Amino acid sequence: MENILHISDLHISTNPKYGLHFENSTPIANATAKDAIETMAASGKKIDSIIFSGDIAFSGKTEEYEKALSHFVNPLLEALELSYKNLYICPGNHDSDRSAVDRFEKSYRENSSLQEKNQLAKDIISGSQTWQRVKAYNEFRSLIDKEKNNVAQSNQLFSTYKITENFHLLCLSSSWLAQDDNDKGKLFITESQIKEAIRSTPGNSQRIMIIHHPTGWLDQEDTKQVSTQIERKIDALLFGHMHEFDQSIESKFSEEITLRLQAGTLDPGEENPGYSIICLQNKGNIKYGKIIYRKYCQENKQYTQWNERGKNGEFDFSTDGIITFDSEKFSALSGRILDKADKELLINTGLSDSKKKSVRDLFISPNLGRPDCIEMFSSVKKIKTFEELLNFKGVSIISGGVKKGKSFALQYIYAKKLEKQATRNFSQIAFHLDCKAEKLHSKSRIIQKLCETYIDPDLGTSFEKKIKQSISDGCATILIDNFCEATAVERSSIIDFIVENPLCNYTISISTAEEMSVIGELSDRDGLTIGATSIGVLKRTNIREIISKWAPSMSFDTEDRIFSDVMQVVKNSQLPHNHFIYSMLLAIYENKRELKGILNEADVIENFIEILLKKHFISTSPNQPQYKELLHFLGFLCHEMILKDCYTFDRNHLLSMALEFNKYTMFSYPAESYIEPLISSGILTNIPPHQFTQLCFLDYGVAYYMQHSKELLEHVFADRNYLRHDKAIEYFASKNPSSINSLKFIKEKTDAAIQTARDIIISDHNIDISALDLNKIDNISFLDIASTSEQFEEKIKEVKSDRARHDELMDKISPLEPKGKLAERPKPFAGPSSSDCIVNLRENLSLYSRVFRSTELIMDPSETLSFFEDIVLGHIYLTKAIISRLDEDLIIPLIMPKIDSEFLAEDITKEERDEFVSTFKALISVIKGVIPNHVQGLMSENLSSRKPRLHNIIERSIKDNDNDVILSLLIFLLLDIERGDTIKNINALIDINTKFSKTATFFKIIQMLTNKHDLPEDVRTYLSKSALQLVSSNKEGLGQRIQMFQKKIEAEFG
């Protein structure tokens, strides 16, 4: 048996009014045989067997079988050069003679128990009970089987046949209790029949079972018993009855898989008539093969390929323990899994499919390095590049901290592997297991989860055996994420599974803390090839690459401006620098900007929290808290932390707080339902003692709850606390943008800080900063140095923006911290020292500026301008205070003893030492010259906003002011917020023409030329010319100024 013609439901009748009249069956036999021969000719093979799955006759009468034999069966066999030896049949409901069903039998089906029907089946099989309704059919079957020498068992209900020692056919009756048009759900095979048929075959045999009805037509309880036997003992199930063709897979993960093939009708009077050919790759073995579907067309009276049933009318299957493998369906399923996995991003929460981002589109290769412990394991290979990781043969381990991108890397690898499968490349079947979400406590459970990946109930097929074979053959890539979240039992099971399937490729993500234990455990196992790598710190070039992935959907801004915005948010909110954070911020930046315009930092953090919570706790149950309740509980939690000055809580404390929250709000939600969402979303740490994973979550929660708690409000604004909780106050102001109470409070504190700094500097330095004129400070500026260099003018022409070099330099100077933390707050001003007073003034001015930026709905323009002027004057005071502290007469005596003891040689001469001190004083003088630019940068950082409000305030302030220092700072601020005309603003600065303005403007221009990478070429050219103009104009009187400075230093050294 190798090429099987599968036909069904002919309903041959002697009455032209019913079924298919026997005279019309001969042309069908001839046409079917002819088409089957021609179809097989291409492969050089012939039909060698015929399976007829029931309803040969119309009403189960002897004369119908006689006509079927003479007009259909014999012509078909003759045309195919076959005999009765090659024909196998089972009875259908039309093969029962309903006239032979007595009243007892009719009521018996309805009223007897399943146990009684099983006993009746046994009696019929043994022959102790005759079953008259199938008498004519059984005589017909006996005639056909008379020539066979391979009948294993034959009785009134079933017959079994030995094709080879390990391949048997079981022809059972699903219709022995069929009796009317209400058969569905009332038919029985019985456990007795199927078990007896199976017992007639060897235990290790492959079995094809042939019945007429789909199992869905059986009684529900009978279906359970029979299906269990089919799933365990039957390799292929062939049936008909529905007059439709189909193929499917039935499986249970603990059992084998059964291929199910349904034949349609051969009657051309029915809709969609046709037949199928089951082509086995190996004779007498159903492990591999294909099914060919042929459709009968009434129009031209001939068969054609049935393209609706498969590609070119064919359905391939590849089995092991019997499983069909439809490569087209597997490819299509892989494509659907890819579509889902590729969009499985937190940032896609709530978005329509058209707006969802793709893992493959957003992914950037992480910076890989060596795990710290890898030198301890000589056999472990070092994976240096992501390309090596992607193609590593063996077990690759990728380590890193929380949210460093390990999961994202595995998700990308998964998507790339699925991409190949979707294009019919099945060399490596891809799987993704998440130890955080899956319970992998045994090897069988792991296999089950792997198989579940490729289950689609609508597909009508299964790929379990293909999956198992792929794993056995090493044709699988298994990605295991969050390995360290697994229990000890689960970890042991996973490692045992890897050891038992060493030919597969694995990529495992682990935490940095677990590197040594996991690498050590795997390297101790024989037969494994181990490689390891670690995700390093994100660099600025990586962030630009992330932004470039989003750029097409953010045409409203340049990449440099987006870079500056998101970097500023991360810096200010103390979020960690990782791919997840930047993707979240960019998603908020893109989507919320479309709805609300430009967001402030508090808006961003609020949206961040909302996305995290809504993704991880969505529940429609009225017994679970929703977003608003959870946000309020988060605020209540922050309230407790701040008032108790305790930032970690154990589980019991959290539960008691949840119960207390229920008491106050009169809710009755389970205490755990408040806590679990905060932990699973990553807002709270998952390991006790619990604390906020990011400081900004605490700050926002405090700001939110300050609106509901007077006690918390007063505590945060207390003199000893307000600088410790500056971000909470900033966020609070943002949530109350029309209230000036916060502004009034911080203005009062800033005025006090200015007065304190003034008093201390008068006391320590005998300098009144109120009277200090920045244009008359005695110093050598950066502009003066530039003006003395003959080559400097040429150097200015060469100054250009080198983004990559600039980013590389900044990464060395200020590497991005990979993780956020509950950092210590600035301590409140505690005592009268010049150092502390300037820090205190700077912190107050920073908070004053940020609160002003957030309080954007003040309805009194004069009040707005007054606050703004106050902030600008405060920064001028800060500039003067810092410059006053850089008095060389105070610094040199303090620093020289340290320099003498650690840096200068013991035998240095007095002249050499004096020359060093002179040079050092000149350096201090140059530093003084850049202090205004430094302070202006701080002001810009805290005030800057992309909203037009700040631009309008600055323009109004410029019109109302004639102080050159204030004007310079205001125009610098305009340049920083990138509002207005750059060339116009530079012109205005040059026109001020004071020492302060020229020096600060020159430095600003150099900054812009170096750091602003998206300047238009005409603006860049103009800036270069302006710098040259400042150098040229500064040369006038320069020699005299330098001589005076040198004389002053010489006089000090006598």
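Reminder that position 898 of the sequence shown reads as 899 in my numbering, one-by-one numbering, no gaps.
A virtual CB, placed ideally from N, CA and C, is assigned to each residue, including glycine.
Quick caveat, the model's predicted, so the values are computed rather than measured.
Query raised in the report: Does the separation of the CB atoms of S847 and N943 fall below 7 Å?
Result: yes
Query raised in the report: What do you reckon, is the C-beta of G875 under 6 Å from a heavy atom of the ligand NAP?
Result: This structure simply doesn't include the ligand NAP, nor any ligand for that matter.
Query - Boundaries (first-last residue) of the alpha helix (DSSP H) holding Q1008 - result: K996 to N1012
Query raised in the report: Going straight from the alpha carbon of I5 to that of N368, what length do you get?
Result: Rounded to whole angstroms, I5 to N368 spans 58 Å at the Cα level.
Query - Minimum C-alpha distance to K62 - residue among C647, H95, S335 and K123 - result: H95
Requested in this report: Identify, in the order they occur along the chain, each residue of the same chain with its Cβ nearer than 6 Å to the Cβ of L77, setting aside the five sequence neighbours on each side.
Outcome: A30 and A34
**Report entry** Three-way DSSP call (helix, strand, coil) for K35 in this model
**Finding:** In the structure shown, K35 sits in a helix (DSSP, three-state: H, G or I).
Requested in this report: Note the first and the last residue of the continuous alpha helix (DSSP H) segment covering M377.
Outcome: Where M377 is concerned, there is no enclosing alpha helix (DSSP H), given that its DSSP letter is neither H nor E.
**Report entry** Residue nearest to L638 in terms of C-alpha spacing, selected from K437, E956 and S657
**Finding:** S657
Query - Own chain, CB closer than 6 Å to P827, minus 5 neighbours either side, in chain order - result: Any reading at P827 is ruled out, since the residue's pLDDT is 41, under 50, leaving its predicted position unreliable.
Query raised in the report: Sorted by chain position, which residues of the same chain lie with C-beta nearer than 7 Å to D812's C-beta, five sequence neighbours on each side aside?
Result: Here the set comprises K540 and R541.
Requested in this report: Using a threshold of 7 Å, state whether the C-beta atoms of I399 and S512 are closer than that.
Outcome: no
Query raised in the report: Which first and last residues belong to the beta strand (DSSP E) in which R208 is found?
Result: Q207 to I211
Query raised in the report: With 16 as the cutoff for other CB atoms within 10 Å, does G598 come out buried or exposed?
Result: Confidence is the limiting factor: at G598 the pLDDT is only 45, short of 50, which leaves the residue's position unreliable and the question unanswerable from this model.
Query raised in the report: How about V227 and I195: do their beta carbons lie closer than 7 Å?
Result: Taking a C-beta distance under 7 Å as the contact criterion, V227 and I195 qualify as a contact pair.
Query raised in the report: Between the beta-carbon of G55 and the beta-carbon of G93, is there less than 7 Å?
Result: yes
**Report entry** Delimiting residues of the alpha helix (DSSP H) encompassing V227
**Finding:** Q221 to K234
Query raised in the report: In whole angstroms, what is the alpha-carbon distance linking N776 and S850?
Result: 25 Å
**Report entry** Among P949, K929 and I955, the one whose alpha carbon lies nearest that of M940
**Finding:** I955
Report task. Let me know the alpha helix (DSSP H) ranges lying completely inside the region 14-82, each 4 residues or longer, listed in chain order. Result -> Segments of the alpha helix (DSSP H) lying fully in the region 14-82: 26-42, 63-69 and 75-80.
Query raised in the report: What are the residues that DSSP puts in a beta bridge with F316?
Result: I292
Query raised in the report: What residue does the alpha helix (DSSP H) around S510 start on, and which one ends it?
Result: Run containing S510: none in the alpha helix (DSSP H); it sits in the beta strand (DSSP E), N506 to S512.
**Report entry** Span of the alpha helix (DSSP H) around V500
**Finding:** A489 to E501
Requested in this report: Please report the residue range of the beta strand (DSSP E) in which L480 lies.
Outcome: A477 to D482
Query raised in the report: DSSP on Y455, reduced to helix/strand/coil?
Result: coil
Requested in this report: Assign Q221 to buried or exposed, taking buried as 16 or more other Cβ atoms, counted over all protein chains shown, within 10 Å of its Cβ.
Outcome: That one is exposed.
Report task. Between the Cα of F853 and those of R886, T880 and N737, spot the shortest distance and give me the residue it belongs to. Result -> N737
Query - 3-residue-minimum beta strand (DSSP E) runs that sit fully inside the region 101-165, ordered along the chain - result: 152-155 and 160-165
**Report entry** Strand pairing of F168, partner residues [DSSP]
**Finding:** T165 and Q207
**Report entry** Given V936 as reference, the closest of S969, R208 and Y670 once Cα atoms are compared
**Finding:** S969
Report task. Would you mind giving the Cβ-Cβ distance between L339 and E420, rounded to the nearest angstrom? I have them listed as a contact below 8 Å. Result -> 6 Å
Report task. Within the same chain, show all residues whose beta-carbon is closer than 8 Å to that of I126, passing over the 5 residues directly before and after it, in chain order. Result -> Closer than 8 Å at Cβ, skipping near neighbours: N156, Q157, L158, F159, S193, Q194 and E197.
**Report entry** CA-to-CA distance, P626 to N112, given in whole angstroms
**Finding:** 52 Å
Query raised in the report: Using a Cβ-Cβ cut-off of 6 Å (strictly less than) and excluding sequence neighbours within five positions of S471, which residues of its own chain qualify?
Result: So the list reads I430 and A477, once near-sequence residues are dropped.
**Report entry** Proximal residues to H22 (C-beta, below 7 Å), its chain only, five neighbours per side dropped
**Finding:** Correct list, in chain order: S14.
Report task. Kindly identify the DSSP beta-bridge partner or partners of D435. Result -> D482
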